[in-house]
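What follows is a single structure, written as structure tokens, with notes after it.
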Amino acid sequence: MHLKIYKREVEMPTAFCPNCDEEITLQAPRLGQVVICPSCGTELEVVSVKPLELDFLFEEEEEWEEEWGEEEEEEEEW
Numbered sequence: 001m002h003l004k005i006y007k008r009e010v011e012m013p014t015a016f017c018p019n020c021d022e023e024i025t026l027q028a029p030r031l032g033q034v035v036i037c038p039s040c041g042t043e044l045e046v047v048s049v050k051p052l053e054l055d056f057l058f059e060e061e062e063e064w065e066e067e068w069g070e071e072e073e074e075e076e077e078w
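Throughout the sequence shown, residue numbering follows this note's numbering, covering 1 to 78 in sequence.
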């Protein structure tokens with residue numbers, strides 16, 4: 001009896017760095033996973049798994065400062 005072994009090629013999901021457009025391939029991406037672009041070193045976050053999408057990683061403190069910092073500037077103009 002002869003057994004044939006088939007090698008199944010699995011396509012790994014790819015996305016592009018929003019900073020430099022470098023193609024990034026991840027084996028098993030997880031939502032919220034932090035990835036560093038091998039080309040430009042930007043810290044990215046997996047924001048969608050299917051389809052794979054990456055976005056800039058923002059720390060909670062940075063997001064808070066951006067939201068509140070803009071409002072404070074607007075209030076000063078009054």
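Backbone N, C-alpha and C define an ideal beta-carbon position, used for all residues, glycine too.
1. Sort V47, Q27, L52 by Cα distance to V10 and report the nearest one.
2. For the beta strand (DSSP E) containing V34, name the first residue and the last one.
3. I need the boundaries of the beta strand (DSSP E) containing V46, first residue and last residue.
4. Taking only the alpha-carbon atoms, compute the straight-line gap between E53 and I36 and give it to the nearest angstrom.
5. Which partner residues of L54 appear in the DSSP bridge assignment?
6. Within 10 Å of its beta-carbon, does L44 have 16 or more other beta-carbons around it, so buried, or fewer, so exposed?
7. Does DSSP put E23 in a helix, a strand or coil?
In short:
1. V10 has its Cα closest to that of Q27, out of V47, Q27, L52.
2. 34-36 is the extent of the beta strand (DSSP E) around V34.
3. Counted as a single uninterrupted DSSP element, the beta strand (DSSP E) harbouring V46 occupies residues 43-48.
4. If you take the alpha carbons of E53 and I36, they lie about 14 Å apart.
5. Bridge partners of L54: V46.
6. By the 10 Å Cβ count, L44 comes out buried.
7. Looking at E23 - three-state DSSP - the assignment turns out to be strand.
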